[in-house]
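**Student:** Start counting the first sequence at 457; every next residue gets the next number (the numbering used here).
In this text, a Cβ means the ideal position worked out from N, Cα and C, and glycines have one as well.
Just so it is clear, the structure is predicted and the values come from calculations on it, not from any experiment.
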Amino acid sequence: MPELPEVEVCRRGLEPELVGQVIQGVVIRAPKLRHEIPPALATLLPGCRVVAVRRRGKYLLLDCERRGVQGTLIIHLGMSGNLRFVPFDLPPAKHDHFELVLAGQILRFADPRRFGVVLWQPGPPASAECHPLLATQGIEPLSETFTAEWLYEAIARRSGPIKPTLMDSHLVVGIGNIYASESLFRAGISPLRAANRVSRARYEILVPAIRETLSDAIAAGGSSIRDYVHSDGGAGCFQIQAGVYDRANQPCLRCGGVVRQIWQAGRSTYYCTGCQH
DNA sequence: CACGACTCCTGCTGGC
DNA sequence: TGCCAGCAGGAGTCGT
């Protein structure tokens, strides 16, 4: 599921249920995701109050506190991860790897492909950003500092194609394979064009296109935020009709041209040969 | 530094 | 119907 919008929708679903809650217990079933889930969480977390649910890129950050001791639970959903609130008596399924036991329910993390991450960073909330996985994260595309000017300058020495460049989380966070294609479609820019050969004027179009693509997706998920976290995640995420993604050989909804599928950096890319140059 | 290839893992789909 | 190759919304590491 998770690109930035899905993670943000997930965060918004978690926040009202989690903030203020005291963690009663922890269950670790799969020691090894992308990294081992720290066994120490089983003793660190019980008794902790969740004081905030934040997002950095595609990482969820649960700030925790217990009598002055602070730390942040870092969760990444990888390709196939999801978080659900479930009742105590729902037996765990095959890929349910981790859970927080709360007062009236369980927050359960499932991830079939196990590309996800559950880690712990001790210290006050601000120190979470110092974790090696987070310290190198790029700019937030929905922040006010993400401007055409910023992107144009940042990309000056990037000669690779624009689409995989936009997906580099050390440059800009949160733009995954779907929204990279969709944003470029909205902006009318070919995914094959070298990043540093996109004109300044076209970045003025691309940056708002990225912002609108992401925020439209959040808004679409937002109509069923509760459902998203409480059910199996199908509800919110796919309500946006894709312009090009997964529409190979179908007519472009804007110009009637044909949507083509190509491969870049090992990932599929979709674009309209008629209106993206 | 920047880039592409490779890697981790399971599950589903499409073609035969 | 069954089998298998290929692909799936991420991202770190390594070699060039």
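State yes or no: is the C-beta of residue 619 within less than 8 Å of the C-beta of residue 720?
**Tutor:** Yes.
**Student:** Whole alpha helix (DSSP H) runs in the segment 546–618 with 4 or more residues, listed along the chain?
**Tutor:** List check, alpha helix (DSSP H) in window: 588–591 and 604–610.
**Student:** Exposed or buried, residue 538, counting other C-beta atoms within 10 Å across all chains shown (16 or more means buried)?
**Tutor:** Looking at its Cβ environment, which holds 16 or more other Cβ atoms inside 10 Å, residue 538 is buried.
**Student:** Spatial neighbours of residue 704 within its chain, please: CB distance less than 8 Å, with the 5 preceding and 5 following residues excluded, ordered by chain position.
**Tutor:** 715, 716, 717 and 726.
**Student:** Just verifying my parser: in three-state terms, what is the DSSP assignment at residue 728?
**Tutor:** Residue 728 falls in the strand class under three-state DSSP.
**Student:** Find out if the Cβ-Cβ distance for the pair residue 531, residue 573 is shorter than 8 Å.
**Tutor:** Yes, the Cβ-Cβ distance between residue 531 and residue 573 is below 8 Å.
**Student:** Can you tell which of 525, 524, 564 and 551 has the C-alpha that lies nearest to the C-alpha of residue 543?
**Tutor:** The candidate whose alpha carbon is nearest that of residue 543 is 564.
**Student:** According to DSSP, simplified to helix, strand and coil, what is residue 515?
**Tutor:** Residue 515 falls in the strand class under three-state DSSP.
**Student:** Would you mind working out which of 549, 560, 581 and 576 sits nearest residue 566, comparing C-alpha positions?
**Tutor:** Nearest of 549, 560, 581 and 576 to residue 566, Cα basis: 549.
**Student:** How should residue 637 be labelled, buried or exposed, when 16 other C-beta atoms within 10 angstroms of its C-beta is the threshold for buried?
**Tutor:** Its Cβ being crowded by 16 or more others within 10 Å, residue 637 is buried.
**Student:** CB residue 733 to CB residue 644, shorter than 8 Å?
**Tutor:** Cβ atoms of residue 733 and residue 644: closer than 8 Å.
**Student:** Within the continuous beta strand (DSSP E) that includes residue 534, where are the two ends?
**Tutor:** Residue 534 -> no beta strand (DSSP E), and no H or E assigned at all.
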